[in-house]
Amino acid sequence: MPTTITWFGHNCWSIETAGKTILLDPFLDESPSAPVKAADVKADFILQSHGHFDHISDTVAIAKRTGATVLANFEVGQWLHKQGVAEDKLVFMNPGGGVKQPFGHVKFTIAHHSSSMPDGSYGGVPGGFLLTLGDARVYFACDTALFLDMKLIGAGGLDLAVVPIGDLFTMGPEDSLDAIKMLNPQRVAPCHYNTWPPIEQDAAAWARQVRSHTAAEPIVLAAGDKITL
Ligand SMILES: [Zn+2]
Numbered sequence: 001m002p003t004t005i006t007w008f009g010h011n012c013w014s015i016e017t018a019g020k021t022i023l024l025d026p027f028l029d030e031s032p033s034a035p036v037k038a039a040d041v042k043a044d045f046i047l048q049s050h051g052h053f054d055h056i057s058d059t060v061a062i063a064k065r066t067g068a069t070v071l072a073n074f075e076v077g078q079w080l081h082k083q084g085v086a087e088d089k090l091v092f093m094n095p096g097g098g099v100k101q102p103f104g105h106v107k108f109t110i111a112h113h114s115s116s117m118p119d120g121s122y123g124g125v126p127g128g129f130l131l132t133l134g135d136a137r138v139y140f141a142c143d144t145a146l147f148l149d150m151k152l153i154g155a156g157g158l159d160l161a162v163v164p165i166g167d168l169f170t171m172g173p174e175d176s177l178d179a180i181k182m183l184n185p186q187r188v189a190p191c192h193y194n195t196w197p198p199i200e201q202d203a204a205a206w207a208r209q210v211r212s213h214t215a216a217e218p219i220v221l222a223a224g225d226k227i228t229l
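Numbering follows my numbering, with no gaps: position 177 of the sequence shown is 177.
Right, dumping it as structure tokens:
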């Protein structure tokens, strides 16, 4: 069965692979661009990049309803446990660390951003995810600035990279071109833009820039669209 990756707007993605559903950064009920509600999504696993509300607002409810296992940094994991997510349903990670899961391998990569929980408590450091799903390698940069170590993340080859282009809170379209050059993925999808006016971007113009300045094939999705690996 092929792996499919569906965009739920912002940095929320649903990955169907090896008979499992993996949800990344559940932000649905309060998201202006989400095509689905938190009560309607499936999840066997949840990947949590950091503690900001626009990434975690539906995590507790979905984890409790589905019994999904949540992979998060140590502090975010502890906060989720305090909100009632069972300890045996949490995988505590930190940057540089990887772990094997029933659907593949998950590595928590560095990201330059901040992380605090919705109630203001400490959220550890943010991260991205490098996933090995069968033969495919997929990188979700999540919320981050451009950083030179992206070269290392791309060194093993990437079938798909997902990068933020919204600017203001993360890298913008221009820096994303440098990120794509370093990551050198076969395909690249943008995220974390057009959710609200401050992060509005012209994705079609971005795609033209990607085509002329990098070797990657840009994939601009509408919320609800999917990529098949
Ligand atoms: Zn964000």
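All C-beta atoms, glycine included, are put in the ideal place defined by N, C-alpha and C.
The structure displayed is predicted, hence computed values, not measured ones.
Span of the beta strand (DSSP E), counted from its first residue to its last, around residue i
| i | result |
| --- | --- |
| H105 | G104 to I110 |
| G128 | G127 to L133 |
| I15 | W13 to T17 |
| K226 | K226 to T228 |
| V220 | That residue, V220, is in no beta strand (DSSP E); it is neither H nor E in DSSP. |
| F140 | A136 to F140 |
Test item: CB-CB of residue i and residue j under 9 Å
| i | j | result |
| --- | --- | --- |
| V91 | V99 | yes |
| I153 | L130 | yes |
| P35 | T228 | no |
| S49 | L80 | no |
| K20 | D29 | no |
| D175 | L148 | no |
| D143 | H55 | yes |
| N73 | P126 | yes |
| M93 | F103 | no |
In DSSP terms, what residue i is bridged to
| i | result |
| --- | --- |
| G98 | K107 |
| N73 | M93 |
| F45 | I22 and T69 |
| A86 | DSSP, once it has assigned bridges, lists no residue as partnering A86. |
Near ligand 1: residue i beta-carbon under 8 Å from a heavy atom
| i | result |
| --- | --- |
| H192 | yes |
Where the alpha helix (DSSP H) through residue i begins and ends
| i | result |
| --- | --- |
| V36 | Unbroken run through V36: none, as it is neither H nor E. |
| K235 | The structure shown does not extend to residue 235, since the chain is modelled only from 1 to 229, so the question has no answer here. |
| L160 | That residue, L160, is in no alpha helix (DSSP H); its beta strand (DSSP E) goes L160 to P164. |
Problem set entry | Residues whose Cβ lies closer than 5 Å to any heavy atom of ligand 1, in chain order | Result (chain order): D54 and D143.
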